[in-house]
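To start, the structure under review is shown below, and the notes come after it.
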Amino acid sequence: MAKRTLVQEFTKGLWEQIPPFRLVLGLCPTLAVTKSLEGGWGMGVATTFVLVCSNVLISLLRPIIPPKIRVPVFILIIATFVVIVELVMKAYTPALSASLGVFIPLIVVNCIILGRAEAFASKNGVAASTADGLGIGIGFTLALAVLGSIRELVGTGALTIFSQADLGMRIIPLPEGQEFLFKFMVDPPGAFVMLGVMLMVMNIINERQAKAA
Amino acid sequence: MTAYMLLIVSAILVNNILLAQFLGNCPFLGTSNKMSTATGMAMAVTFVMTFAGAITWLVQRYMLIPYELEYLQTIAFILVIAALVQLVEIVLQKTAPALYQALGIFLPLITTNCAVLGVAIINIQKNYDMMETLVHSFASAIGFGLALVIFAGIRERFVLSRMPKVLQGTASGLITAGLMALIFQGFQGLF
Numbered sequence: 386m387a388k389r390t391l392v393q394e395f396t397k398g399l400w401e402q403i404p405p406f407r408l409v410l411g412l413c414p415t416l417a418v419t420k421s422l423e424g425g426w427g428m429g430v431a432t433t434f435v436l437v438c439s440n441v442l443i444s445l446l447r448p449i450i451p452p453k454i455r456v457p458v459f460i461l462i463i464a465t466f467v468v469i470v471e472l473v474m475k476a477y478t479p480a481l482s483a484s485l486g487v488f489i490p491l492i493v494v495n496c497i498i499l500g501r502a503e504a505f506a507s508k509n510g511v512a513a514s515t516a517d518g519l520g521i522g523i524g525f526t527l528a529l530a531v532l533g534s535i536r537e538l539v540g541t542g543a544l545t546i547f548s549q550a551d552l553g554m555r556i557i558p559l560p561e562g563q564e565f566l567f568k569f570m571v572d573p574p575g576a577f578v579m580l581g582v583m584l585m586v587m588n589i590i591n592e593r594q595a596k597a598a
Numbered sequence: 344m345t346a347y348m349l350l351i352v353s354a355i356l357v358n359n360i361l362l363a364q365f366l367g368n369c370p371f372l373g374t375s376n377k378m379s380t381a382t383g384m385a386m387a388v389t390f391v392m393t394f395a396g397a398i399t400w401l402v403q404r405y406m407l408i409p410y411e412l413e414y415l416q417t418i419a420f421i422l423v424i425a426a427l428v429q430l431v432e433i434v435l436q437k438t439a440p441a442l443y444q445a446l447g448i449f450l451p452l453i454t455t456n457c458a459v460l461g462v463a464i465i466n467i468q469k470n471y472d473m474m475e476t477l478v479h480s481f482a483s484a485i486g487f488g489l490a491l492v493i494f495a496g497i498r499e500r501f502v503l504s505r506m507p508k509v510l511q512g513t514a515s516g517l518i519t520a521g522l523m524a525l526i527f528q529g530f531q532g533l534f
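Those protein sequence lines, which keep their order, are chains Z and Y.
Quick note on numbering: the first sequence equals residues 386 to 598 in my numbering.
Quick note on numbering: the second sequence equals residues 344 to 534 in my numbering.
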């Protein structure tokens, strides 16, 4: 593999290796928190923070981490940042923290983060690891926000941007007394089906590009 | 006794850990291409999840709460699970080589299986006592295994069918999982 520039390290996370589509990792939060746009971006931002911090720290510590116990060390570093996120969110965004629930502590076992630590940060310098973490993190946030928007829009006809500040809008007006349009989408099965459909759309776009090239 | 039965049925069918609570989806899609890997993964998870549930409960009850260290829950639990997985691996290798052969390659993967940590945290959140924790952890693991094995059975058939190229692999897997989740949602009518 040729040496990449920092910009390339950053942008590869946005399309070429965008999780959870290209790297089929981190599916649990993707499916669970994308009932609304808010859950999607909230989870994305929290994950990005942990990913960037752990990537930086691991790439700094890489000369002194003994290779044999590297995975427990990585997990411990990641867990530390997850606890920081957990406490900060509980203090400043209690509503969002409650709606994400058990999935905030579960960022520890999000395989995207451990995957990047193992595959990238433990082999590359600080600058490249930061760019990689930011790129993958923003790609993940985008994917979650898009999935969350589609599900919320089709399922309830509204979009919540930030419920604590009452930011949100109703896109599709509903008749009086009716609560949802297509409830399937905000229920668990809708998450699986919608993610599958999005993956299919990505595959179709890829095929078109390959044919054009 | 009725309470435990309800807990079991609810954890296996109604609140299935994979299809209703979205925990442990990475191994769900990753190890479901072949029936043999799926059963191996299901057994390894059952083993570790039951033990991890019990031990994390003890850690919470007798270490974190008395010393008011609840905010360290995430770090403590993930360390306990990682150590437990290592321990199980070593013990199995020495005492039950046949079982180790069957489960060996799945054990390291379990540390990062969010279902194990997820169930441990849910046990604490729901204020279960020791017995309920054991029952809930075991039943959740059975639910995981059930969904995984059914899913692997369906996916094995996919090899024989003609499918559009863009749907092959994960895309069709996810849509199948969606249909399965829909079926499991039907169990909500049980209560």
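Ideal Cβ positions, reconstructed from N, Cα and C, are used throughout, including at glycine.
Out of the options, state which residue places its alpha-carbon closest to the alpha-carbon of residue i.
| i | options | result |
| --- | --- | --- |
| ALA291/Y | THR382/Y, VAL423/Y and PRO440/Y | Chain Y is shown from 344 up to 534; residue 291/Y falls before or after that span and cannot be answered. |
| SER379/Y | PRO507/Y, MET474/Y, SER480/Y and LEU446/Y | LEU446/Y |
| PHE420/Y | GLU499/Y, PHE394/Y, GLY486/Y and GLN444/Y | PHE394/Y |
| ILE433/Y | GLN416/Y, ILE418/Y, LYS508/Y and PRO451/Y | PRO451/Y |
| GLY429/Z | ILE463/Z, PRO479/Z, VAL511/Z and ILE521/Z | ILE521/Z |
| VAL437/Z | VAL418/Z, PRO451/Z, ILE450/Z and VAL470/Z | VAL470/Z |
| LEU372/Y | THR417/Y, SER353/Y, ALA490/Y and THR438/Y | ALA490/Y |
| ASN456/Y | ALA441/Y, MET474/Y and ALA425/Y | ALA425/Y |
| ILE557/Z | VAL456/Z, VAL539/Z, PHE569/Z and ILE489/Z | VAL539/Z |
| ALA381/Y | SER480/Y, LEU435/Y and ILE493/Y | ILE493/Y |
| LEU584/Z | ILE453/Y, LYS469/Y and LEU517/Y | LEU517/Y |
| ALA441/Y | ALA495/Y, ILE467/Y, TYR410/Y and GLY383/Y | GLY383/Y |
| PRO414/Z | VAL502/Y, LYS377/Y and ALA363/Y | ALA363/Y |
| GLU394/Z | GLY510/Z, ALA597/Z and ALA480/Z | GLY510/Z |
Go to residue i, then tell me how far its beta strand (DSSP E) extends in each direction, as first and last residue.
| i | result |
| --- | --- |
| ALA516/Z | Careful: ALA516/Z lies outside any beta strand (DSSP E), inside the alpha helix (DSSP H) at 511 to 541. |
| MET604/Z | Examination of residue 604/Z is not possible in this model, given that chain Z is present from 386 through 598 alone. |
Let's see if you can read the secondary structure: which residues bound the alpha helix (DSSP H) around residue i?
| i | result |
| --- | --- |
| LEU372/Y | 368 to 373 |
| GLN444/Y | 440 to 446 |
| PRO490/Z | Note, PRO490/Z: premise wrong, no alpha helix (DSSP H); not H, not E. |
| TRP400/Y | 378 to 402 |
| GLN393/Z | 391 to 397 |
| PHE501/Y | 473 to 501 |
| ASN368/Z | Only positions 386 to 598 of chain Z appear in this structure, which leaves residue 368/Z out of reach. |
| THR415/Z | 412 to 417 |
| LEU415/Y | Counting along the chain, LEU415/Y falls outside any alpha helix (DSSP H), and DSSP gives it neither H nor E. |
| THR465/Z | 455 to 477 |
| GLU592/Z | 573 to 597 |
Between residue i and residue j, what straight-line distance do the alpha-carbon atoms span, to the nearest angstrom?
| i | j | result |
| --- | --- | --- |
| LEU442/Z | THR432/Z | 15 Å |
| LYS508/Z | ALA543/Z | 44 Å |
| VAL431/Y | VAL391/Y | 8 Å |
| ALA516/Z | LEU446/Z | 17 Å |
| PHE487/Y | ILE355/Y | 8 Å |
| PHE547/Z | GLU503/Z | 34 Å |
| ALA387/Z | ALA506/Z | Since pLDDT at ALA387/Z reaches only 48, below the 50 mark, its modelled position is unreliable, and the value read off the structure follows with that caveat. Approximately 17 Å between the Cα atoms of the pair. |
| LEU407/Y | TRP426/Z | 32 Å |
| ALA513/Z | ASN440/Z | 9 Å |
| GLY533/Z | LEU422/Z | 4 Å |
| SER480/Y | VAL462/Y | 6 Å |
| LEU510/Y | VAL586/Z | 9 Å |
| LYS568/Z | THR541/Z | 7 Å |
| THR476/Y | MET348/Y | 13 Å |
| THR465/Z | GLN416/Y | 11 Å |
| LEU410/Z | ILE526/Y | 25 Å |
| GLY512/Y | THR419/Z | 22 Å |
| VAL392/Z | MET579/Z | 31 Å |
| GLU401/Z | TYR410/Y | 48 Å |
| THR526/Z | MET344/Y | 45 Å |
Find the residues of chain B that neighbour residue i, judging by a C-beta separation of less than 9 Å, and give them in chain order.
| i | result |
| --- | --- |
| LEU391/Z | Absence of chain B from the displayed structure is noted, the protein chains being Z and Y. |
Practice task
Taking only beta carbons into account, state which residues of the stretch 364 to 375 of chain Y come closer than 9 Å to chain Z, listed in chain order.
Solution key: GLN364, PHE365, LEU366, GLY367, ASN368, CYS369, PHE371, LEU372 and GLY373
Handout entry: Interface positions of the stretch 487 to 521 of chain Y facing chain Z (Cβ-Cβ less than 9 Å), listed along the chain
Key = Correct list: PRO507, LYS508, VAL509, LEU510, GLN511, GLY512, THR513, ALA514, SER515, GLY516, LEU517, ILE518, THR519, ALA520 and GLY521.
Exercise for the section: Return the residues of the stretch 430 to 453 of chain Z that lie within a Cβ-Cβ distance of less than 7 Å from chain Y, sorted by chain order. Expected result: none
Exercise for the section: Closer than 9 Å, Cβ to Cβ, to anything on chain Y: give me those residues from the stretch 572 to 598 of chain Z, in chain order. Expected result: ASP572, PRO573, PRO574, GLY575, ALA576, PHE577, VAL578, MET579, LEU580, GLY581, VAL582, MET583, LEU584, MET585, VAL586, MET587, ASN588, ILE589, ASN591 and GLU592
Practice task
Report yes or no: do three or more beta-carbon pairs, one from the stretch 493 to 513 of chain Z and one from the stretch 454 to 469 of chain Z, lie closer than 8 Å?
Solution key: yes
Handout entry: the stretch 441 to 462 of chain Y: positions lying closer than 9 Å to chain Z by Cβ
Key = PRO451, THR454, THR455, ASN456, CYS457, ALA458, VAL459, LEU460 and GLY461
Exercise for the section: Can you give me, in chain order, the residues of the stretch 475 to 500 of chain Z that have a beta carbon less than 7 Å from any beta carbon in chain Y? Expected result: Hits within the stretch, in order: VAL487, PRO490, LEU491, VAL493, VAL494, CYS496 and LEU499.
Handout entry: Residues, ordered as in the chain, of the stretch 457 to 473 of chain Z that lie near chain Y by beta-carbon distance below 9 Å
Key = PRO457, ILE460, LEU461, ILE463, ALA464, THR465, VAL467, VAL468, GLU471 and LEU472
Practice task
Would you check if the stretch 502 to 521 of chain Y and the stretch 568 to 588 of chain Z touch, i.e. whether three or more CB-CB distances between them fall below 8 Å?
Solution key: yes
Handout entry: Proximal residues, the stretch 398 to 409 of chain Z versus chain Y, C-beta separation under 7 Å
Key = VAL409
Problem - At least three beta-carbon pairs within less than 8 Å, the stretch 478 to 493 of chain Z to the stretch 469 to 483 of chain Y - result: no
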